[in-house]
Amino acid sequence: MARFPEMFIQQVLQATDIVELVGQYVALKHKGREFVGLCPFHEDKNPSMYVSPGKQIYKCFACGAGGNAAQFLMGYEKLSFPEAIRRLAERVNIPLPKDYAPETVADGMSKNDLAAVTEFAGGYFQRQLREPAGRDALGYAHSRGLSDETIERFGVGYACDSWEAFLSAGRRKGFSEEQMVAAGLVRRREGKSGCYDYFRQRLMFPIRDVTGRVVAFGGRALAADERAKYLNSPEGALFDKSSLLYGLAEARESIVQRRQAVVVEGYLDVILPHQTGVTNVVATLGTALTEGHVRLLGRYAPEVVLVFDADQAGAAAAQRALELFLAQRMHVRVATIPAGKDPCDFSLAEGGEAFQALIDQAPDALQYVWDRQFAACLSAGGNLAERNRLMEEFLTLVVASGAYGAIDEIRRQSLAQHIAHLLNAPAAEVQQQMRRLGRKIRPDRSARPAADGRAAIGVTTNPERVVLEVLLDEPELFDQAAERIDPADFQDAMLQRLAERIWPLGTDGRLALEELLADEEMVGYAPTLTELSLAGQRRGNHHRTLQEAVDRILHRKETHSVQELKTGPLDDESLRELHARFQRSDPRKRPKIQ
Ligand SMILES: [Zn+2]
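1470 is the number of the first residue of the sequence shown in my numbering; add one for each residue after it.
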């Protein structure tokens, strides 16, 4: 059996009182209908965590952590969902189902079975670095500027020059070959029997999940002739690049304190800044920053600073930064390291304060993209006519982005003003241009004001979000929404995914926050679900609010389809052309603007 039956989970959660459970770990005080206490998931000075007996959830308004009793235990005790349910069941004396066995992810093994291997490997590699065989590796680490304290803190280790050193160590520890293969540490020999070590003669960087558990590795080649300079664990049940960030376990507290996350690309680019005092740095693992990453970071801080080194900052990276900026999920700024350096070299050569200064001075993503374009134009010997063309190109880039299509009129106006300031052009002119380009590219999706008097929801609020807020706080209103819209009408990918879970439950008459939180597949969404539900509770006037939000979604859909018939969206060809033009510009020739 792969998992607990739904009924059992519900039974356990219903028998658990979240106030009592959380109260075992955190001192709670009465505050109105709720309880408050110091949040254990970040360094909390003032009580930021609310526990709601009515909803049976907890929510931290500082770091975003939130969920039901199971999710609290998962976070506090670093357990998986089934483990947390098992713990709660034992607490309230409900016997486990007779045929229960832990969830398996590969060949009868659970995530814990695999994590036992990666945890062991972390310690093993660390010890190897201090053995005589690891002397050169340690020398290399020191030569890159790593102090012994840093090596210790990040658990840096060494995989020696052998085909089966780890394999034998793992066997002695009692791990099976299957287990070590599934954990990504050894590979099967092709066409032959037996296995061999995946990482050989490499400096090893353990990759931890948010709870601090080692789940994968990155290995830096030490042999000069090795083709792959960096090798990561293969993706698998434990290791999902698109939702993990290197250094997050180490940087998390600092990110919460500074209300900002700095995102770089390499292991040493995280470690060296940490060593020089810039401790809120994390890295993507050989992928661009994904929505999953952004959602993860958004739990801890409202701002992200992307660090590009001048040689690599390509058009695609700039475009990505712009999309993130426009989508408004987080405030996005872009810092550029001077040519020829990466964050690691730069921190070492110039010191942590200089790196911090680059971060502090980083322009927002919009300005960054404009500066790039403007500089490219100047370096091509641009004149006034060129400037106008450039402006149009830049505005097209903004207006054509998917994220721009999803924002509302108020935000568009403030964007136009922001851009007008950047371009040193009259705001009215910029706004007019953006409208014109917008009509050419995509329909006007601005909200229609409510027919009768004051709007219950502000025009800046995403109506999709409002619908879910109301439904999660007052599920009885589900039919009122479902009669007119369905999940396909949601444009925000995450909200749509939530709607896709909410709709079937509502149709069954089973929609309830508790029901959603008890679903293991929704565990990652617990902070969002609790936030939406509490926001719904604060909103009030549910009938009218819901009606207006649905009106706006429908209005948007209507104008969209009409416009599509008239003009059609901007085709991929022209977008590609824009990107290509972008790519051809040379960022190194970028003079300072203003
Ligand atoms: Zn917190």
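The beta-carbon is built from N, C-alpha and C at its ideal position, and this holds for glycine as well.
Under a three-way DSSP split, which group does A1697 fall into?
coil
Closer than 7 Å: is that where the CB of S1411 sits relative to any heavy atom of ligand 1?
Nothing can be reported for residue 1411: it is not among the residues displayed for the chain, which extend from 1470 to 2063.
For the alpha helix (DSSP H) containing Q1842, list its first residue and its last residue.
1834-1848
Within the continuous beta strand (DSSP E) that includes H1890, where are the two ends?
Segment 1878-1892 is the alpha helix (DSSP H) holding H1890; no beta strand (DSSP E) there.
Endpoints, the alpha helix (DSSP H) within which F1824 is located
1821-1829
Apart from the five residues on each side of it in sequence, which residues of its chain come closer than 7 Å, Cβ to Cβ, to Q1886?
A1896
In three-state terms, what does DSSP make of Y1736?
helix
Candidates Q1597, M1476, V1574: closest to I1563 by CA position:
M1476
Given this structure, state the Cα-to-Cα distance separating E1647 from D1576, to the nearest angstrom.
8 Å
Would you mind reading off the limits of the alpha helix (DSSP H) that contains A1610?
1604-1612
Mapping DSSP to helix, strand and coil, what is R1714?
Note that residue 1714 corresponds to Leu in the displayed sequence, not to Arg. Three-state DSSP puts L1714 in coil, outside helix and strand.
Which of the three DSSP states, helix, strand or coil, is assigned to Y1527?
strand
Cβ of S1517 versus every heavy atom of ligand 1: is any distance shorter than 7 Å?
yes
So, with DSSP's three-state summary, where would you put C1629?
coil
Quick one: what does DSSP say E1503 is sitting in, helix, strand or coil?
strand
Cβ of C1664 versus every heavy atom of ligand 1: is any distance shorter than 7 Å?
no
Can you name, in chain order, every residue of its own chain whose Cβ lies under 7 Å from the Cβ of I1954, other than the five neighbours on each side?
V2019, I2022, L2023
Buried or exposed by the 16-neighbour rule on C-beta atoms within 10 Å, applied to P1918:
Only weak support exists for where P1918 lies, its pLDDT of 36 falling under 50; the value from the coordinates is given anyway. So P1918 ends up on the exposed side.
Does the distance between the C-beta of C1813 and the nearest non-hydrogen atom of ligand 1 fall short of 7 Å?
no
Using 8 Å as the threshold, is the C-beta distance between V1625 and M1578 below it?
no
Taking buried to mean at least 16 other C-beta atoms within 10 Å of its own C-beta, is H1499 buried or exposed?
exposed
Taking the continuous beta strand (DSSP E) assigned at L2001, which residues delimit it?
Counting along the chain, L2001 falls outside any beta strand (DSSP E), though it belongs to the alpha helix (DSSP H) covering 1995-2008.
So what does DSSP say about V1481, is it helix, strand or coil?
helix
Is it right to say E2017 is buried, meaning 16 or more other beta carbons lie within 10 angstroms of its own, or is it exposed?
buried
Going by DSSP in three states, M1476 sits in which element: helix, strand or coil?
helix
Bridge partners of T1805, per DSSP?
F1777
Continuous beta strand (DSSP E) stretch holding G1688: start and end
1683-1690
What separation, rounded to the nearest whole angstrom, lies between the Cα atoms of Q1480 and A1950?
29 Å
Could you tell me whether the Cβ atoms of A1584 and R1658 are closer together than 8 Å?
no
Since A1834 and L1892 should fall inside the 8 Å C-beta cutoff, what is the C-beta to C-beta distance between them, to a whole number of angstroms?
16 Å between Cβ atoms; not a contact.
Same chain, Cβ closer than 6 Å to Y2101, neighbours up to 5 away in sequence not counted
Residue 2101 lies beyond the range of the chain shown here (1470 to 2063); nothing can be said about it.
Reduced DSSP secondary structure (H/G/I, E/B, other) of P1973:
helix
Taking Cβ positions, are A1804 and V1763 nearer each other than 8 Å?
no
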